[in-house]
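Trainee: The structure follows.
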Amino acid sequence: MNRINRVTSILIQLQSKKIIPAKEIAQRFNISLRTVYRDIRTLEEAGIPIGSEAGKGYFLVEGFLLPPVMFTAAEVGALITAGKFLNCHGDESFIKDFDSAMYKIKSILKHGEKNYAQELENSINVYSTSGQKNTLADNVIAAIQTAICNKRVISIQYPTSGGQEPESRMIEPISLGFYEQNWYLIGFAG
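Take the sequence shown: its position 68, counted from the start at 1, is 69 in the working numbering, and no numbers get skipped.
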């Protein structure tokens, strides 16, 4: 990757999170910390308002926004494929949110990329090995994600052995995982 592309990508990365450690930037682009510092200085010299917190990382000063980001055909393809997986394995409200985001993304695509996206949508299919569409209750994944991000305790109904009535448990969710057609919630139970 040439320097101009890397510096532009660093700027996009800075807009993607609240604060980004220099080490994370260095790892992503396989560059030294010294090169990260030079690239950050280049952005600052170009008038980009970048702040820093000692020991934490860099951030864009609040209020600064990049113009709309353009997507490559490969990036559009990755998003469409992810959407197909989500339609098979996500809950309904999550699917609606993703579809809404995809409409916004498609609205800024160039004409050729729109055609590419449409061709991919028509030709990629994801099937469940169980033959069943996801049976999660509406909004479950999104609610758990919100609880993880806000570090909130939630109440769940947990199935017991022997087919008895499910137990109600209070848990602090830490992570969500997807494995062999099933969602798994990792957390601390109280």
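Glycine included, each C-beta is placed from N, C-alpha and C at the ideal position.
Quick check: the region 83 to 101 against the region 141 to 148, are there 3 or more CB pairs under 8 Å?
Mentor: The region 83 to 101 is in contact with the region 141 to 148.
Trainee: Beta-carbon separation of Phe30 and Met2 under 8 Å?
Mentor: Cβ distance < 8 Å, so Phe30 and Met2 count as in contact.
Trainee: For Leu121, which residues from the same chain have a beta carbon less than 6 Å from its beta carbon, with the 5 sequence-adjacent residues on both sides left out?
Mentor: So the list reads Gly78 and Ile81, once near-sequence residues are dropped.
Trainee: Out of Lys57, Thr9 and Ala74, which one is the CA nearest neighbour of Arg42?
Mentor: For Arg42, the nearest C-alpha among the options comes from Thr9.
Trainee: Tell me the start and end of each unbroken beta strand (DSSP E) in the region 69 to 107 that is at least 3 residues and wholly inside, in chain order.
Mentor: Listed in chain order, there is nothing to give.
Trainee: Once the 5 residues before and after Lys152 are set aside, which same chain residues still bring their CB inside 8 Å of it?
Mentor: Excluding residues within five positions, the ones whose Cβ falls inside 8 Å are Glu173.
Trainee: So what does DSSP say about Ile145, is it helix, strand or coil?
Mentor: Ile145 falls in the helix class under three-state DSSP.
Trainee: Ile175: buried (16+ other C-beta within 10 angstroms of its C-beta) or exposed?
Mentor: Ile175 is exposed by the Cβ-count criterion.
Trainee: What is the rounded straight-line gap between the Cα of Lys19 and the Cα of Gly58?
Mentor: If I take the Cα positions, the gap works out to 10 Å.
Trainee: What distance in whole Å lies between the Cβ atoms of Ala23 and Leu34, which are believed to be in contact at a cut-off of 8 Å?
Mentor: Right, the Cβ-Cβ distance comes to about 5 Å (below 8 Å), so this counts as a contact.
Trainee: Applying the 10 Å Cβ sphere with the 16-neighbour rule, what's the burial state of Glu166?
Mentor: Result: exposed.
Trainee: Determine whether the beta carbon atoms of Asn60 and Gly48 lie at a separation below 8 Å.
Mentor: Reading off the sequence, residue 60 comes out as Phe, not Asn. No, these two residues do not count as a Cβ contact at 8 Å.
Trainee: Whole angstroms is fine: what's the gap from Asp40's alpha carbon to Thr161's?
Mentor: When rounded, the distance between both Cα atoms is 55 Å.
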